Amino acid sequence: MQIFHFSDTHLWIWLENTPRESDFYKNFETTINQILQNKPDIVIHSWDLFHTSKPSNKAISVVVENFLKLEKAGIKVIVIAWNHDTPRLSVTTHPFEIFQSMEWFSIFFEPKIQSTEIKNINFVVLPHIHDEVVFKQEFAKVHSQIQEWKTNIFISHFGISAVEYDEYTDEISGVNITLDELKILKQFDYVALWHYHKQFCIGKICYPGSIEHTSFNQKDYKIWYNIFDTDTKKVESFQLETRKMIDLGIIDCWEIFTTQDLLLFLEKKIDKNILKQAIVKIVLENMSTKLLLEFDEKQFFDFFQNAFYFEYKKIKFISEKHSWTHISESSNIIFDNFENFFQSYPFWSDINENQKQEIKNELTNFLK
1 MQIFHFSDTH
11 LWIWLENTPR
21 ESDFYKNFET
31 TINQILQNKP
41 DIVIHSWDLF
51 HTSKPSNKAI
61 SVVVENFLKL
71 EKAGIKVIVI
81 AWNHDTPRLS
91 VTTHPFEIFQ
101 SMEWFSIFFE
111 PKIQSTEIKN
121 INFVVLPHIH
131 DEVVFKQEFA
141 KVHSQIQEWK
151 TNIFISHFGI
161 SAVEYDEYTD
171 EISGVNITLD
181 ELKILKQFDY
191 VALWHYHKQF
201 CIGKICYPGS
211 IEHTSFNQKD
221 YKIWYNIFDT
231 DTKKVESFQL
241 ETRKMIDLGI
251 IDCWEIFTTQ
261 DLLLFLEKKI
271 DKNILKQAIV
281 KIVLENMSTK
291 LLLEFDEKQF
301 FDFFQNAFYF
311 EYKKIKFISE
321 KHSWTHISES
331 SNIIFDNFEN
341 FFQSYPFWSD
351 INENQKQEIK
361 NELTNFLK
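For the sequence shown, position 223 (counting from the first letter as 1) is numbered 223 according to the numbering used here, and the numbering increases by one without interruption.
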C-alpha cells in the first residue's frame with residue numbers, strides 16, 4: 001500500500017496580489033496531478049495548507065477544485081491543521097470546515113490527540129495547539145493510540161531541538177520537541193511531519209519540505225513529495241520543478257552617480273538571459289542622495305523586464321560611520337518599518353533572524 005505525503009503549501013501567502021502568488025497555486029495543482037498519476041491508496045497533507053486562517057476566495061477555490069479531483073478518483077485524504085491554518089480565537093470558524101462534507105476526506109483541526117483507521121492503517125494525529133504545554137501533554141498520550149499488529153503512522157507538526165536537525169531549520173516552530181521526547185515515536189512505522197521547508201528523512205521521521213519557496217532563504221531548496229510503502233517500509237522522495245530564484249546580492253553604489261552608470265555596471269556583471277522568468281532580488285547599497293533623487297525607476301525596471309518577479313531595496317549612505325536608512329521598493333516595506341520600530345527595543349538584538357521573521361509574519365497577518 002502506498003501513502004503519498006506532501007506538506008506546507010502555504011496558499012495565499014503574504015505575496016498575494018503579486019505574480020508570485022500564482023506559483024503556489026501552480027505547484028499545488030502540479031502536486032495534485034502527481035497524486036492522480038501515482039494513484040496512491042492514501043494521501044497525507046501535513047499542515048499549513050493555507051498561510052492564514054482567513055484565506056482568500058481564490059485560495060479556497062483552488063484547494064476545493066483540486067481536492068474534488070481526489071474525491072472523484074476515490075483517493076482517501078488526510079488533512080491536518082497547524083498554526084497558519086488555525087484561528088487564534090476558538091469562536092472563529094475554522095477554514096477546514098469547508099472540507100467536512102467530502103466523503104473521502106479525514107479532516108483534523110481539534111486541539112487534541114486523535115486517531116483514525118483507514119484501510120487497516122492506524123493514523124495517530126496531533127493538530128496544532130497554541131499552548132506548548134498543552135501540546136506536550138497531548139503528545140505524551142501518543143503511545144496509548146498505537147495499535148499492535150497494524151501499520152502505525154504518526155502525523156504532526158513541530159520543530160526538533162537538537163543539533164542533528166539544525167541544518168534543516170528555516171523558521172520557528174512555536175513548539176519544539178527534544179530528542180528524548182521523540183523516543184515516544186519509535187514504535188511508529190512512519191512519522192509524517194512538516195514545518196521545515198527543507199526535505200529530509202532521518203530514520204522514520206520524514207519532512208517532505210514545502211511545495212514552493214516562501215523566501216530567498218530557501219532559494220537553493222529542492223521541492224519534494226514523499227511516497228511511503230507500507231509493505232516494504234521504504235520512503236521514496238520525488239522532486240518537482242519550480243521557478244529559479246536568483247539573489248543578485250548587494251551592489252555597492254558609492255561610486256555610481258547616475259542610473260545609466262548603474263545599468264552599465266549591471267550589464268557587465270549580470271547575464272540577462274539567466275533572469276528570464278526567474279524570481280530576482282537585488283540590494284543597492286551606499287546610494288548617494290543625488291543618485292536617490294535622480295534615480296530613473298523606469299530604466300531600472302526595464303533592465304529586469306524579463307524576470308517573472310522582481311524586488312529590490314535601496315539603501316542610502318548616511319555617514320562615514322555606516323549608519324543606514326532602508327528604503328524598500330518591494331512587497332516587504334511593512335517588514336522594514338517593523339524592523340526600524342523594534343530596533344529601539346533591547347530584546348530585538350538578542351533574538352535570531354528566524355524569530356524576527358516569525359514576529360514580522362505574525363504582525364503582517366494581524367494587519368490583514
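Don't be surprised by glycine CBs; every beta carbon is placed ideally from N, CA and C. Model, not experiment: these values are computed from the prediction.
Next item on the list: Between the Cα of residue 1 and those of 254, 36, 186 and 230, spot the shortest distance and give me the residue it belongs to.
Entry: Along the sequence shown, read from residue 1 onward, the residue named residue 1 stands at position 1. The candidate whose alpha carbon is nearest that of residue 1 is 230.
Note to self: Contact between the region 136-154 and the region 108-124 is defined here as three or more beta-carbon pairs at a separation below 8 angstroms; is this criterion met?
What the structure shows: yes
Margin query: Give me, in chain order, the residues of the same chain whose beta-carbon lies closer than 7 angstroms to that of residue 6; leave out the 5 immediate sequence neighbours on both sides.
Written below: Here the question's residue 6 lines up with position 6 in the sequence shown. Listed in chain order, the non-local C-beta contacts of residue 6 below 7 angstroms within the same chain comprise 31, 45, 208, 211 and 225, local neighbours out to five positions each way being set aside.
Check: Since residue 245 sits in a beta bridge, which residues does DSSP pair it with?
Finding: Residue 245 sits at position 245 when you count from the first residue of the sequence shown. Answer is 279.
Margin query: Just to check my reading of the structure: residue 182 and residue 160 have Cβ atoms closer than 8 angstroms, yes? What is that Cβ distance to the nearest angstrom?
Written below: Taking the sequence shown and counting its residues from 1, the one referred to as residue 182 is at position 182. Taking the sequence shown and counting its residues from 1, the one referred to as residue 160 is at position 160. Going by Cβ atoms, the distance from residue 182 to residue 160 rounds to 7 angstroms, so yes, they are a contact pair.
Notebook entry, point to check: From residue 251 to residue 289, what distance separates their C-alpha atoms?
Noted result: Counted from its first residue, the sequence shown places residue 251 at position 251. Counted from its first residue, the sequence shown places residue 289 at position 289. So the alpha carbons of these two residues sit roughly 16 angstroms apart.
Checklist line | Ordered list of beta strand (DSSP E) runs contained in the region 187-218, each at least 3 residues | finding: 190-192, 200-202 and 205-207
Check: Mapping DSSP to helix, strand and coil, what is residue 302?
Finding: Your numbering for residue 302 matches position 302 in the sequence shown. Looking at residue 302 - three-state DSSP - the assignment turns out to be helix.
Check: Are residue 223 and residue 27 closer than 8 angstroms when you measure CB to CB?
Finding: Residue numbering aside, residue 223 sits at position 223 when the sequence shown is read from its first letter. Residue numbering aside, residue 27 sits at position 27 when the sequence shown is read from its first letter. A contact, by the Cβ cut-off of 8 angstroms.
Margin query: How far does the alpha helix (DSSP H) with residue 11 in it extend, from its first residue to its last?
Written below: Residue numbering aside, residue 11 sits at position 11 when the sequence shown is read from its first letter. Element bounds for residue 11: n/a, residue is neither H nor E.
Next item on the list: Identify whether residue 117 lies in helix, strand or coil by the three-state DSSP scheme.
Entry: For this step, residue 117 is matched to residue 117 along the sequence shown. Three-state result, residue 117: strand.
Check: Would you say the region 246-264 touches the region 280-296, given that touching needs at least three Cβ pairs under 8 angstroms?
Finding: yes
Notebook entry, point to check: Who are residue 254's beta bridge partners in DSSP?
Noted result: Here residue 254 refers to the residue found at position 254 when the sequence shown is read from its first residue. Answer is none; residue 254 lacks a bridge partner.
Next item on the list: Determine the contact status of residue 126 and residue 138, defining contact as a CB-CB distance below 8 angstroms.
Entry: The count along the sequence shown starts at 1 and reaches residue 126 at position 126. The count along the sequence shown starts at 1 and reaches residue 138 at position 138. Yes, the Cβ-Cβ distance between residue 126 and residue 138 is below 8 angstroms.
Notebook entry, point to check: Where does residue 286 sit, in a helix, a strand or coil, going by DSSP?
Noted result: Position 286 of the sequence shown holds residue 286. The answer is strand: DSSP assigns residue 286 an E or B state.
Next item on the list: Give the straight-line distance between the Cα atoms of residue 142 and residue 268, rounded to the nearest whole angstrom.
Entry: In the sequence shown, the residue the question calls residue 142 occupies position 142. In the sequence shown, the residue the question calls residue 268 occupies position 268. Roughly 59 angstroms separates the two Cα atoms.
Next item on the list: To the nearest angstrom, report how far apart residue 249 and residue 305 are at their CA atoms.
Entry: Numbered from its first residue, the sequence shown carries residue 249 at position 249. Numbered from its first residue, the sequence shown carries residue 305 at position 305. Each residue's Cα considered, the two are about 18 angstroms apart.
Margin query: What does the alpha-carbon distance come out to for the pair residue 112 and residue 78?
Written below: Position 112 of the sequence shown, counting from 1, holds the residue named residue 112. Position 78 of the sequence shown, counting from 1, holds the residue named residue 78. Rounded to the nearest angstrom, the two C-alpha atoms are 16 angstroms apart.
Notebook entry, point to check: Can you tell me whether DSSP reads residue 36 as helix, strand or coil?
Noted result: For the purposes of this step, residue 36 is taken as residue 36 along the sequence shown, with counting starting at 1. In the structure shown, the three-state DSSP call for residue 36 is helix.
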